[in-house]
Amino acid sequence: MFGPQVPTVPVTEIADETYLLDVREDDEWAAGHAPHAHHLPMMELPARLAEVPTDRDVAVVCRSGGRSAQVVAYLINNGWEQVRNADGGMRQWAAVGRPVVDANGQPGQVI
Numbered sequence: 001m002f003g004p005q006v007p008t009v010p011v012t013e014i015a016d017e018t019y020l021l022d023v024r025e026d027d028e029w030a031a032g033h034a035p036h037a038h039h040l041p042m043m044e045l046p047a048r049l050a051e052v053p054t055d056r057d058v059a060v061v062c063r064s065g066g067r068s069a070q071v072v073a074y075l076i077n078n079g080w081e082q083v084r085n086a087d088g089g090m091r092q093w094a095a096v097g098r099p100v101v102d103a104n105g106q107p108g109q110v111i
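Going by the UniProt record's numbering, the sequence shown opens with residue 1, and the numbers climb by one from there.
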């Protein structure tokens with residue numbers, strides 16, 4: 001119904017060297033994000049596509065996985081091959097105990 005399945009990766013299997021692309025809005029990012037993530041709000045992606053690497057693994061994350069799945073499909077349609085959706089998003093990231101920091105580098109929360 002929705003086309004091909006979007007490839008996913010469990011948040012527990014996202015390696016430190018993976019380019020973690022957070023596509024949430026500014027307020028969500030400021031409240032809490034993965035320490036080494038790169039912030040690029042979903043709606044800005046088309047204009048900033050060149051910022052997303054094509055030569056390494058990319059994991060895309062949002063709050064729960066819906067927006068990031070759309071971004072993964074968009075990237076695949078634009079030639080990316082090493083891109084996966086972070087299964088369960090930042091909610092799952094926090095639930096399994098992975099670090100979350102706020103805009104000031106202090107412990108953050110997923111909103």
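No residue lacks a Cβ here, since even glycine has one placed at the ideal position from N, Cα and C. Computed from a predicted model, the values in this text were never measured in an experiment.
Could you have a look at residue i and say whether DSSP puts it in helix, strand or coil?
i	result
L49	helix
L75	helix
V11	helix
Measuring CB to CB, does residue i end up less than 8 Å from residue j?
i	j	result
A50	W93	no
C62	R24	yes
H36	L20	yes
P41	D26	yes
Where does the unbroken alpha helix (DSSP H) through residue i begin, and where does it stop?
i	result
A30	D26 to A31
In chain order, what residues of the same chain have a beta carbon less than 6 Å from the beta carbon of residue i, not counting five sequence neighbours either side?
i	result
D57	T18 and Q82
V6	A69, V72, A73 and N85
A103	A30
Going by beta carbon distance, what residues of the same chain come within less than 7 Å of residue i, once the five residues before and after it are set aside?
i	result
A76	In the sequence as displayed, the identity of residue 76 is Ile instead of Ala. So the list reads V83, once near-sequence residues are dropped.
V11	A86, D87, G88, Q92, W93, V96 and R98
What residue range does the beta strand (DSSP E) around residue i cover?
i	result
A59	V58 to V61
R91	Element bounds for R91: not the beta strand (DSSP E) but the alpha helix (DSSP H), G89 to A95.
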